[in-house]
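Everything on this sheet refers to the single structure shown next.
Residue numbers (this note's numbering), protein chains in the order written: chain U, 1 to 326; chain F, 327 to 652.
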């Protein structure tokens, strides 16, 4: 099969033609203007055991990561969550103990993020456990952070720190050894339990502070590439401006060859936004009010492509630019 | 694992507690009052190759049945469709030819039913093809046909004819032989390509003609049992009032032991509604205007349980009352 984005363009995008709400299937969500004031934001994701998580992963963590990944999609649009529907195709190895832990995990995150289950479907499957989640949210009309809204001159900003999730997966796979326990635990936690930046997304969207936006799931370069392609612009980033956690710095000082994981590893679930230069101070103030780091890492420019510059200003070559879905 | 309804009650319904929109997870849908005039209706279903369809089924038919089954859920609530999201976990045997036919089937039914794809997700799976569809619709506030709205004295009505889908599956499995070609083709078509009764559902809901309602997917007795349980009522039906197609009559005259398939086979995708006695004429007029049969088959009563009476008024015993999801 062709790569995911080609498949979507060739077979699925024509099914959404003529409906601006579907955003041409090039965004993470659909936007339905149902209310005079607000748009409904809808996003769906599939999770398969053995692909997106391991069958032996703790069920509560599988549940919470599934919910958070979808909440992160809503955060990337500046939406607040309303609820979710879930379909579960249960494999033979799922027993009541698994289900009890799985739903306990959902209940914990429902409380944390203020949403509930709205419906769904439960069935059996002879194959691996297959979950699908549709999350619903709302955002003030015209304020959603779209992939297509970036303009040359915008400042590129990211929340939190980059690459922790990808390095956490490496640590969990024992591909990185010799780390202090505190760094190891931090990175694994960042992989296992994303923190959807809902409050920051809403603050950047509702005030009209940010223009384009999304959450980073495939990796910074791939996802900024999506924004640039959809907006018909390009971007230039500086490596030295990328925000790294102390744990990630510890890893890179011992294994600089892992630098690519920072920009291409994926699983960040941080916000990536483009902000008009005159709103950068407002963006920083919004993040500061929430106690969240927000870093300016580059600029949107008219020239196509995403370039990453080293401290001397030379373009860095990146072998793999992001997570491939196939 | 316990039966599906026990699983839902034990593990999933608590996750929807305190949200009237989720209807306690005992209906097919969630209802969100997003608009001052209308409610958003949301329903989700999972379809797994080897469980809900066969991997070798024509891809266009798989696509159309998946869409129609969900549209039938909307029809059962009296909603009109807005669009759908779909997640596809593609198995190794799915190639571009399969996808081309699958999406061609979706395109055909999108035109027929006036809706489009709004979003979704595509990924790979080492297991069988796993599809999940979330359909969105809208209905005037307070007019949705809920499972919980039946009252003693209501007349039980069904659209179309009963049992054709279940007998069509039997024919396709070669468990019924010797039928005339026209009857065989009719029954197989009824199994393969449900006709969601969207216009009738809307007519019965918007005018306030029907009270409770749903589409029949598990079989008449099971689904009427859902309405009765949720409404805290019972029902009594007469076998001789059940609407049968000429093809089903042909089957039963040769094999009367298949009678149970009529009331317990499932895959009908007809409307099942309860109508106050004084609105029965209005219901019949609405169906007649659409050229669709609508039959009165019994009454809602205060006494719990669903009873099916033979032509002499004796209670008929039914061994299996409906499709089991596990």
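Glycine residues also receive a C-beta, built at the ideal position from the N, C-alpha and C atoms. As the structure is a prediction and not an experimental result, all values here were calculated from the model.
For residue 266 of chain U, same chain residues with a beta-carbon under 8 angstroms away, outside a window of 5 residues either side, are 165, 166, 216, 217, 218, 219, 222, 322, 323 in chain order. Per DSSP, the unbroken alpha helix (DSSP H) holding residue 260 of chain U starts and ends at 259–264.
Shortest Cα-Cα distance from residue 125 of chain U to any of U:2, U:63, U:85, U:91 involves U:91.
With a beta-carbon spacing of about 6 angstroms, residue 404 of chain F and residue 470 of chain F fall inside the 8 angstroms limit used to define contacts. If you draw a straight line from the Cα of residue 625 of chain F to the Cα of residue 142 of chain U, it is about 50 angstroms long.
Pairwise C-beta distances place the stretch 441–448 of chain F in contact with the stretch 37–53 of chain U, as three or more of them are shorter than 8 angstroms. Contact of residue 84 of chain U with chain F is not assigned, every C-beta pair being separated by 7 angstroms or more. Membership of residue 392 of chain F in the alpha helix (DSSP H) is indicated by the continuous run 385–403. Sequence-distant partners of residue 553 of chain F (beyond 5 residues in either direction) whose C-beta falls short of 6 angstroms from its own C-beta, in its chain, are 473, 476, 538.
The three-state secondary structure of residue 502 of chain F, taken from DSSP, is coil. Among the residues facing chain F, residue 142 of chain U is not included, as its CB has no counterpart in that chain under 7 angstroms away. In this structure the stretch 358–367 of chain F does not touch the stretch 411–430 of chain F; the number of beta carbon pairs closer than 8 angstroms is below three. Within chain U, the residues 34, 35 have their CB atoms less than 7 angstroms from the CB of residue 361 of chain F, given in chain order. As far as DSSP is concerned, residue 188 of chain U takes part in no beta bridge.
Residue 508 of chain F counts as exposed, since fewer than 16 other beta carbons sit within 10 angstroms of its beta carbon.
In chain order, 44, 45, 46 make up the part of chain U whose C-beta sits under 7 angstroms from the C-beta of residue 447 of chain F. Residue state for residue 337 of chain F is assigned as helix, using DSSP reduced to three classes. Under the 8 angstroms Cβ criterion, the stretch 192–207 of chain U counts as touching the stretch 269–286 of chain U, having at least three qualifying pairs. For residue 407 of chain F, the uninterrupted beta strand (DSSP E) run begins and ends at 406–416, by DSSP. Using a CB distance cut-off of 7 angstroms, residue 197 of chain U does not count as an interface residue toward chain F. Of all residues in the stretch 338–349 of chain F, those with a C-beta nearer than 9 angstroms to a C-beta of chain U are 338, 339, 340, 341, 342, 343, 344, 345, 347, 348, 349, reading in chain order. At a beta-carbon threshold of 7 angstroms, none of the residues of chain U lie near residue 494 of chain F; the nearest stands roughly 21 angstroms away. Residue 137 of chain U sits close to residue 82 of chain U, with the two beta carbons spaced by under 7 angstroms.
Shortest Cα-Cα distance from residue 400 of chain F to any of F:466, F:339, F:429 involves F:466. For residue 577 of chain F, the enclosing alpha helix (DSSP H) has its first and last residue at 572–580. For residue 111 of chain U, no beta strand (DSSP E) run applies; the uninterrupted alpha helix (DSSP H) run containing it begins and ends at 96–113, by DSSP. Counting other Cβ atoms within 10 Å of its Cβ, residue 347 of chain F reaches 16 or more and is therefore classed as buried. Cβ proximity to chain F below 9 angstroms picks out nothing from the stretch 284–310 of chain U. Interface flag for residue 259 of chain U against chain F is unset, since no Cβ pair is found closer than 7 angstroms. Close to residue 132 of chain U, with beta-carbon spacing below 7 angstroms, are these residues of chain F in chain order: 372, 413, 458.
Taking CB atoms only, residue 442 of chain F has a neighbour in chain U less than 7 angstroms away.
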